[in-house]
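Number of protein chains: 2
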Amino acid sequence: MSKVSFDNKLMFTYESKSFPGVNKVAAMVRQDLYLVTGFHAGEYTKGCKCRNLVIYGTADKSDYLADLEERGLIDLDEVRGKWEVYGFYVLDNPMEGVDHALVIAGSDKRGTIYGLFHLSELLGVSPLVNWNHVFPKKKKNAFLTDSVNVVTKEPSVRYRGFFINDEWPAFGNWAMEHFGGINAECYERIFELLLRLKGNYLWPAMWNSNFSMDGPGLESARLADEYGVVMSTSHHEPCMRSGEEYRLLRGKSSIYGDAWDFIKNREGITRFWRDGLLRNRPFENVITLGMRGERDSLILPADASLKDNIDLLRDVLATQNNLIRETVDEDLSNVPRQMVLFSEVEKFFYGDDKTKGLMGDPQLDGVTLMLSDNNVGYLRTLPDKEMRDHPGGYGMYYHMDMHGGPYSFKWIGSTYLPRVWEQMTQAYEYGVRQIWVVNIGDIGTQELGLSYFLDLAYDIDRWGGTDSGVCDRYLDEWCERQFGGMLPLSGRSRIKKVIWDYTSLLEKRRHEIMNADVYHPLHFGEADRVLETSEAILKEAAAIRKKIDEQHMSAYISLLYFPACGTANLMKMWILAGRNKLFARQNRMEANSLVDEIDACVRNDAALIDEYESVDDGYYKGFGRSEHIGFVNWNEEDDRFPIRHLVYGANSPRMLVSRKDDEHYMTGLEWCDHPQTWRDMLRPDVDSIDFDLISGGQQPFRFRIFTDCSWLKFSATEGEVSRTKRIRLSVNKSVLEDKVTGTFDVENIGYGTVHVTVEASPPRAVSGFFMESDGYICMEAVHFSEKKDVSGGGFKVLLPYGRNGSAIKVFPSTADFKDKTKRPSVKYSFIALEDAEYELTFELAPTTPVSFEPVQYIAYSLNRGRIQCLNTVWQPDIPFFGSRQWSKEAMDSVKKVTTKVKCSKGENTLTFYGMSPSIVLERILLVKEGVTLPESYLGPGESFRGL
Amino acid sequence: MSKVSFDNKLMFTYESKSFPGVNKVAAMVRQDLYLVTGFHAGEYTKGCKCRNLVIYGTADKSDYLADLEERGLIDLDEVRGKWEVYGFYVLDNPMEGVDHALVIAGSDKRGTIYGLFHLSELLGVSPLVNWNHVFPKKKKNAFLTDSVNVVTKEPSVRYRGFFINDEWPAFGNWAMEHFGGINAECYERIFELLLRLKGNYLWPAMWNSNFSMDGPGLESARLADEYGVVMSTSHHEPCMRSGEEYRLLRGKSSIYGDAWDFIKNREGITRFWRDGLLRNRPFENVITLGMRGERDSLILPADASLKDNIDLLRDVLATQNNLIRETVDEDLSNVPRQMVLFSEVEKFFYGDDKTKGLMGDPQLDGVTLMLSDNNVGYLRTLPDKEMRDHPGGYGMYYHMDMHGGPYSFKWIGSTYLPRVWEQMTQAYEYGVRQIWVVNIGDIGTQELGLSYFLDLAYDIDRWGGTDSGVCDRYLDEWCERQFGGMLPLSGRSRIKKVIWDYTSLLEKRRHEIMNADVYHPLHFGEADRVLETSEAILKEAAAIRKKIDEQHMSAYISLLYFPACGTANLMKMWILAGRNKLFARQNRMEANSLVDEIDACVRNDAALIDEYESVDDGYYKGFGRSEHIGFVNWNEEDDRFPIRHLVYGANSPRMLVSRKDDEHYMTGLEWCDHPQTWRDMLRPDVDSIDFDLISGGQQPFRFRIFTDCSWLKFSATEGEVSRTKRIRLSVNKSVLEDKVTGTFDVENIGYGTVHVTVEASPPRAVSGFFMESDGYICMEAVHFSEKKDVSGGGFKVLLPYGRNGSAIKVFPSTADFKDKTKRPSVKYSFIALEDAEYELTFELAPTTPVSFEPVQYIAYSLNRGRIQCLNTVWQPDIPFFGSRQWSKEAMDSVKKVTTKVKCSKGENTLTFYGMSPSIVLERILLVKEGVTLPESYLGPGESFRGL
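Protein sequence lines, in the order shown, are assigned to chains A and B. Using the numbering used here, the first residue of the first sequence is number 1, and each one after it goes up by one. Using the numbering used here, the first residue of the second sequence is number 948, and each one after it goes up by one.
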């Protein structure tokens, strides 16, 4: 067994013929080792004696490697000619005088770099070591044996990177603070981060920022190339010129003319593009083609025809391709190019019945077609089988940050890993493998989502697949990397739970579009659960914090404490605000104390940001400053902090009696009381009801509860209430023989008496069947009673997933059963209490149709009825992207499809079939005709199912 | 010229044969004179010398009068045998040794009493002298000459009185405090008040109160009879027994049985009634017939048929008439009896197509049929021509206080005199002349309305008629009576204005149903006007108060200060609450300062009540305590004080720009601004626009206004705003030659710029025509261009009247033109800007159909079109009373009838015709198709009319 030790005798080779970027990265890795071992590695001089040596280099660019190959110790053919791979070998006695060596042999510049960073990772150094100051665990005797020897495979996706976007106020202020601008010094940090995360591709910041001008000059571009970072530009910035360059250079006497208009200023624009291509041609790029309006807008007036737009684009593409031939390479197939089908450009690509789109246009040969998501993480169109052969392949422009419709989200990273896993794995299956780029805004607090995105792109086999549980395993590993240096395993598990909790809250509703009206303050306890989760996060993050050494505070606050607590505090604030609003409407005295609690949250929001921005000597300064509270428009303009509502107590002692999850209440007053019957305990699994005695008066009220039903028990039967008192009513169901009805009274002594009727029944249920209660049956999709796969595919459980935590989906993702006769299916069994019509709702993940045609089918059958097929798209006559449905589903994180069915009294079976691709079923809800469910965001809890 | 002086030698006669009540009243008048002159009148002994003597007595019950008649000095035949008249004569040397005398000769007990109180009035003593401690102006040389000699006519209405009702907490607490209960001592004060106000008839308190048992015993009834007060009982208390008596006396072993059920307990109930009749037969009564359920409820279950109910009532009436024959008088025509057609009883009277009602039933011969109002002051059915001959005549049960649907109003008296004038004068015209009774709740603060009601009933010729201006004259006189002792004429005029102002506010919306959502906080400036009026009232009432001597404070506070300020403060509170609610929704920083202002109003409400209840050593204690804030049900149960809304400022300086009467605003921000065009100045009479610069941020914003239009002038063009700054934009229209369009910008310096387009045109208008602007034409009904009367009647202007201050109505009120060919009419001339369809709305007073059939027609024609006839009743298939329309119109004080018409571009004439009776037209609104007027309670202001 060969072995190399990272002791105080460790040395690194150095070859000036290596890529300079490789040598720079080697220096970083030496610094990483120092953090682990406490020893600075020396520089090896050929021929000297050395106990432990790290030899690195790129095949055919290293004398050491050539020597080792010559001597048969390694086989560079394993890597030679490949894309970004490396061999990683622990060898004894590799050279004269050298006892042990680690050999890192890259196929190319980036392969070598990845190999070097692989060493850091193996020694427990996080890729975020310098970005978040994640200090690794110190090791006394660090070593590696040849069990780690490996030759990597090529990354799953060729270009993997991110987009620094929407950079004001966050990224911009951060860069100004630390580097005096978004310049090369700043980008060097970004390049390092990108490479450590196994990325290779970047869209630079472009709001008032010019990558190829601000380095200063070309310095940023030069440095990118040195590091092996492949530069590109965003979707609307052709020919390696950033969008703002034209604004700087245009003018009446400018050689580029004074109009961003290819028709009126063809010559100027063409020259502008040519000069960009010439300027950046020394470097490794992916060149954006096409043309949009300035600053992410339409290129032609809104009333221009589809044909006008397409014709213009054909002309532009031809022009740009000619310019590239002229300036970069006669053979376009040597030049990586992309066209991004973002926003309205998608429809120019697909065209319509009358107007052929750009699809198949020869100018796009060899051009990577960049598709995009729906702006919030669900993919728009994907290539169908025919399209997949497109020479140039496909890319994906994905959003973890958005400045645009249907809503902006720029503050704390809000990525829920299973969404990325499900959607991006699907993209890969559909052949989107050439470029993956993710908009991560200001980077700060986006580290988790970004890590996963790039790891998935690098190794789809490891982090993709059909089991969403992989996200949990990823999180284990990620927590180990970031928090391994500061916490034992138990602490890391607690952190993992906090991460799941806060990202699950965000999966239900993102920060910016959370407000007092999202969750109903009482119904189905949904707001209570969000509040409980939020408070648990705040408590747990604070408790863990006490165990963290000061040295690790930068990493802890930036990677966990701030994103988790910032999110939890915001959610808590809005839940309290919703409660305050409702309670004020009901004149509950508790509304007034909520005002102070809301205010504490508002102040805490600012305090958390201050803390994030001041920890580590202000290293994150700027990253917390995006507006994030109460958006009423797509962006922060005219946003609103919560309104606080203050009430006056009534002049006489006032009692309200309300089930804890019901906004209706009783007062016991003579004329306007609304007596209630509580039927909760007809549900087999319910044997208690919590209700509240609520004060609505200036003075407290005194109450007394009395009943002549011996089977009704109360947690309290008398007392005084000045705010709210919760009472538990319980029934020992084991003594019930049949359904019973009883009454009890709550007296507001001296003022009135509330009369309540209670119904309860013994816990009878049919095994395996969901039971109707309160007029509805709610079934989680994962709780099917039967599952049938077919040769073309079958349903699999996604857990965790979505806003309710689980779902089912057909794999493979590309399977389309619309025109098949055999379809995979799942069955759900339930008991209806009546022969009646029920409103049947399928709650689905808010995915979008995979084709440009606005159709996405689901199918079901009830009992022995025929298969019913429903198009989930509301308006099949307009493109899905930009539709009302797109907007609503993206905000609410759910797609609801509703129809009516006739159920039979007793046992029923509902079958759900695989049909169109990209359908993810979360839950099924049946509501009896005439029943109106209490208003809520998430809907009722799951119905009881007999064991 | 004969003359009598009220000097220190004044004496009063005294005869033991006089009615004891008359002598008691004489003593009161002597006390009144003392207040005026400072001299106590002596008691005259026959034969003695006397300089000035008051001789009073009842014809044929006074030796003095007999003597004077015998000697031909007075003619008692002028009064003898008449109902409640008196002769009032100043004579010199009436008797031996007497120099000057005032002779008061009544036709009967009450005639004499009214004559005595007439003396007090002539000397400036208010009828409220003892009720509100209204002290008269002191006079040094008080005298009367024979110019005041008069023989009165019989009162217009035979029985005139009020109903003390809904007496808890107000009246009940007042009575407990001062008299230890609602007993004879208490009633003596009531009887005096009633008689001084020229009433003669009373429904006593009956919530847990038994007039004929609590005196103690019959003492209250006996005392009433002594004073000549005719007692009755309320609508559901037959046979002189109060409603609660049965509850006290029933029981298993009771002789009256144990069920208020004429079918199951006929014997017990019959005996109960018989004993009541026997008990009270010594006194002058009007006996209530009929039967309803206990406590103002249904007598039979809600599902009983109409016929069941009517048959039961026939049986009850026959039984009661027989009992009266047996106990009171064999000849029923000698016995005043009434049946009250209140609530559901009305329909038993009218019956329906299939079931004949009680109308015309012989059992009702000689029984006064008491009709009623719609609970808020508009009459329900009135007798048609045939019905008017009913032997027994008609009465009216009217409400100035209500505990019931559609809403309760029990706090400060809310009577607007023109409503009473218009409706009760109409009642009289329809032959309702036998009994008028008004529910005035606890009496406190109802003095004005009550005074007018009884004065009108006493002398319809003086206070009725067809000119609502009579109300203003009445108020002059009333202010003179109440405030003459404390203020000079100018002060009384100011008080009169305050009274008009606060009762006009109540005519628009009563206290209890006022809330933050009634008036729109901005639109059409309606909330501003209510606020201005309210603040003016508060200021003026406080200013006047400074001029009031302590002695007069009891009267000033009870009759003016408390009702006016209590009302104004409540209206102000709600206007501020509405503003606070809207401003909070818009994130205006001003919302936060409004919170304190609302709180000040809430505290002031309590302070005003405390002051009212503590002035005059707590004389009014109890009267202020009715709940009156924020009713959400028909009564006070679950009522709500205003909610106060607090906002947080945005993180950056935020400017909102808004026309002062528009809830839409601009922010000047890049993406979500909503630019506006202001067209106000297209209206000929508008040459300026007020707009607000509003801060929505934590820090103030700095602004700058700029324009290149020289014709736009601004009251300010730069500054800093931390809350709100109002700017006036004005145009010198005299320099305009044609319509102009311009723009100006308001910059929130450093953050954004609002762009506003302004249109203006020279002031051109067509003489006599209303001009359309902003898509509507609004015309006050009184501004007709032409009026045509016919022989059967014609329109007259009502001014003041209704929620907008004026209206028109056809007189005589009984005229019905439905089936006539010639109808009175008025014409309205207006200019429409387009050939288009307009929504035409007639705003009418919320009167109800005069017949039981739910029809009430209006008619109009446009230009040369046919006459269109519209039924104003929404649901002609159900009785109007109890309908949704009844409830809504009663709350909003308006009836709206909407239809569509096609107007021509240019001149149009709309003709409105007299049709059904009881139609009062307030305004007409035309809104062009496609235009949605801003939401508001009162609607837009009147359109401009060319001179």
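C-beta atoms are modelled at their ideal positions from N, C-alpha and C, and glycine is treated no differently. Since the model is a prediction, treat every value here as computed from it, not as a measurement.
Please state the DSSP three-state secondary structure of methionine 206/A. Here residue 206/A is taken as the residue at index 206 of the first sequence, counted from 1. DSSP places methionine 206/A in the coil class of the three-state scheme, outside both helix and strand.
Around the Cβ of phenylalanine 1653/B, are there at least 16 other Cβ atoms within 10 angstroms (buried) or fewer (exposed)? Along the second sequence, read from residue 1 onward, the residue named residue 1653/B stands at position 706. That one is exposed.
Hey, would you say glutamate 1869/B sits closer than 9 Å to tyrosine 1748/B, going by beta carbons? If you number the second sequence from 1, residue 1869/B lands on position 922. If you number the second sequence from 1, residue 1748/B lands on position 801. Result yes, Cβ atoms of glutamate 1869/B and tyrosine 1748/B sit closer than 9 Å.
Are phenylalanine 6/A and alanine 142/A touching if we call contact CB-CB under 9 Å? The residue given as residue 6/A occupies position 6 in the first sequence. The residue given as residue 142/A occupies position 142 in the first sequence. Their beta carbons are under 9 Å apart, which means phenylalanine 6/A touches alanine 142/A by this criterion.
On a Cα-Cα basis, can you pick out the residue from Tyr398/A, Leu382/A, Arg314/A that is closest to glycine 365/A? As a working mapping, residue 365/A is identified with position 365 in the first sequence. Checking the displayed sequence, the identity of residue 365/A turns out to be aspartate instead of glycine. Just measuring C-alpha positions, the residue of Tyr398/A, Leu382/A, Arg314/A sitting nearest aspartate 365/A is Arg314/A.
Segments assigned beta strand (DSSP E), at least 3 residues, entirely inside the stretch 897-943 of chain A: Within the stretch 897-943 of chain A, the complete beta strand (DSSP E) segments of 3 residues or longer fall at 906-913, 920-928, listed in chain order.
Option nearest valine 1701/B by Cα separation, candidates Asp1586/B, Thr1624/B, Leu1149/B, Arg1218/B: Working through the second sequence from its first residue, we reach residue 1701/B at position 754. When the alpha-carbon of valine 1701/B is set against those of Asp1586/B, Thr1624/B, Leu1149/B, Arg1218/B, the nearest one is in Thr1624/B.
What does DSSP give as the partner residues of phenylalanine 1717/B in its beta bridges? On the second sequence, residue 1717/B is found 770 positions in, with the first residue counted as 1. Phe1777/B, Arg1892/B.
Identify which residue in Leu1264/B, Lys1672/B, Phe1717/B, Leu1038/B has its Cα closest to the Cα of threonine 1856/B. Indexing the second sequence from 1 puts residue 1856/B at position 909. The residue from Leu1264/B, Lys1672/B, Phe1717/B, Leu1038/B with its alpha-carbon nearest to that of threonine 1856/B is Phe1717/B.
What number of angstroms, rounded off, separates the C-alpha of valine 1367/B from the C-alpha of arginine 1750/B? By 1-based counting over the second sequence, the position of residue 1367/B is 420. By 1-based counting over the second sequence, the position of residue 1750/B is 803. Looking at the backbone, the Cα of valine 1367/B and that of arginine 1750/B are separated by about 14 Å.
Answer yes or no: does any C-beta atom of chain A fall closer than 9 Å to that of asparagine 1155/B? On the second sequence, position 208 is the one that residue 1155/B refers to. With respect to chain A, the C-beta atom of asparagine 1155/B has no partner C-beta closer than 9 Å.
Quick one: what's got a C-beta closer than 7 Å to serine 1599/B's C-beta in the same chain, skipping five residues either side? Taking the second sequence and counting its residues from 1, one reaches residue 1599/B at position 652. Gly1644, Tyr1698, listed in sequence order.
Give me the DSSP bridge partner(s) of methionine 339/A. As a first step, residue 339/A must be located in the first sequence, where it is residue number 339. The partner list for methionine 339/A (beta bridge, DSSP) reads Leu369/A.
Quick check on arginine 158/A: buried or exposed, where buried means 16 or more other Cβ atoms within 10 Å of its Cβ? In the first sequence, the residue the question calls residue 158/A occupies position 158. It is buried - the Cβ of arginine 158/A has at least 16 other Cβ atoms within 10 Å.
Across which residues does DSSP place aspartate 1639/B in a beta bridge pair? Counting from 1 along the second sequence, the entry for residue 1639/B is found at position 692. Answer is Ser1605/B, Arg1673/B.
Can you list, in chain order, the stretches of the alpha helix (DSSP H) that have 4 or more residues and sit fully within the stretch 1202-1256 of chain B? Within the stretch 1202-1256 of chain B, complete alpha helix (DSSP H) segments of at least 4 residues are found at 1213-1227, given in chain order.
Identified DSSP bridge partners for asparagine 871/A: Your numbering for residue 871/A matches position 871 in the first sequence. Beta-bridge partners assigned by DSSP to asparagine 871/A: Tyr857/A.
Is proline 800/A helix, strand or coil by DSSP? Numbered from its first residue, the first sequence carries residue 800/A at position 800. In this structure, DSSP gives proline 800/A an extended state, which the three-state scheme calls strand.
Quick one: list the residues of chain A neighbouring tryptophan 1625/B, beta-carbon separation under 8 Å, in chain order. For the purposes of this step, residue 1625/B is identified with residue 678 of the second sequence, where counting begins at 1. Under a criterion of Cβ atoms nearer than 8 Å, no residue of chain A is adjacent to tryptophan 1625/B; the nearest Cβ is some 21 Å distant.
Along the chain, where does the beta strand (DSSP E) containing alanine 1754/B start, and where does it finish? Here the question's residue 1754/B lines up with position 807 in the second sequence. It spans 1752-1758 - the beta strand (DSSP E) in which alanine 1754/B sits, taken as one unbroken run.
Compare the C-alpha of valine 36/A against each of Phe795/A, Lys822/A, Met486/A and name the closest. The count along the first sequence starts at 1 and reaches residue 36/A at position 36. The residue from Phe795/A, Lys822/A, Met486/A with its alpha-carbon nearest to that of valine 36/A is Met486/A.
Taking the C-alpha atoms as reference points, what is the distance between tryptophan 1821/B and tyrosine 1860/B? Your numbering for residue 1821/B matches position 874 in the second sequence. Your numbering for residue 1860/B matches position 913 in the second sequence. When rounded, the separation of the alpha-carbon atoms in tryptophan 1821/B and tyrosine 1860/B is 20 Å.
When DSSP labels each residue in this structure, what does tryptophan 1658/B get in the three-state scheme? The residue given as residue 1658/B occupies position 711 in the second sequence. DSSP places tryptophan 1658/B in coil when its eight states are reduced to three.
Taking the alpha helix (DSSP H) that serine 1501/B belongs to, which residues open and close that run? For the purposes of this step, residue 1501/B is identified with residue 554 of the second sequence, where counting begins at 1. In this chain, the alpha helix (DSSP H) harbouring serine 1501/B covers 1500-1503.
Which word fits threonine 821/A, buried or exposed, when buried means at least 16 other C-beta atoms lie within 10 angstroms of its C-beta? Start at 1 with the first residue of the first sequence, and residue 821/A comes out as number 821. Under this definition threonine 821/A is an exposed residue.
Just curious, the beta strand (DSSP E) that valine 1465/B is in, first and last residue? In the second sequence, residue 1465/B corresponds to position 518, counting from 1. Annotation: valine 1465/B is outside any beta strand (DSSP E) and is labelled neither H nor E by DSSP.
For a contact defined as C-beta to C-beta under 9 Å, what are the partners of tryptophan 671/A on chain B? Your numbering for residue 671/A matches position 671 in the first sequence. Listed along chain B are Asn1580, Trp1581, Asn1582, Glu1584, each with a C-beta nearer than 9 Å to that of tryptophan 671/A.
Can you tell which of Trp671/A, Asn863/A, Lys410/A, Glu185/A has its C-alpha closest to the C-alpha of arginine 510/A? On the first sequence, position 510 is the one that residue 510/A refers to. For arginine 510/A, the nearest C-alpha among the options comes from Lys410/A.
Residue span of the alpha helix (DSSP H) that contains leucine 454/A, given as start and end: Along the first sequence, one-based indexing puts residue 454/A at 454. Boundaries of the alpha helix (DSSP H) harbouring leucine 454/A: 447-458, taken from the DSSP string.
Residues of the stretch 845-871 of chain A whose Cβ lies closer than 9 Å to any Cβ of chain B, in chain order: With the criterion set as a beta carbon lying under 9 Å from some beta carbon of chain B, the stretch 845-871 of chain A has no members that meet it.
Using 8 Å for Cβ pairs, my map puts phenylalanine 1828/B next to leucine 1397/B. What's the rounded Cβ distance? Within the second sequence, residue 1828/B is the residue found at index 881, counting from 1. Within the second sequence, residue 1397/B is the residue found at index 450, counting from 1. In fact, because the Cβ distance is near 25 Å, the residues do not count as touching under 8 Å.
Give a yes or no on whether the minimum CB-CB distance between threonine 1700/B and chain A is below 9 Å. Position 753 of the second sequence, counted from the start, is the residue given in the question as residue 1700/B. Closer than 9 Å to the CB of threonine 1700/B there is not a single CB belonging to chain A.
Residues of the stretch 375-398 of chain A with Cβ closer than 9 Å to any Cβ of chain B, in chain order: Taking 9 Å as the cut-off between beta carbons, none of the residues of the stretch 375-398 of chain A comes near chain B.
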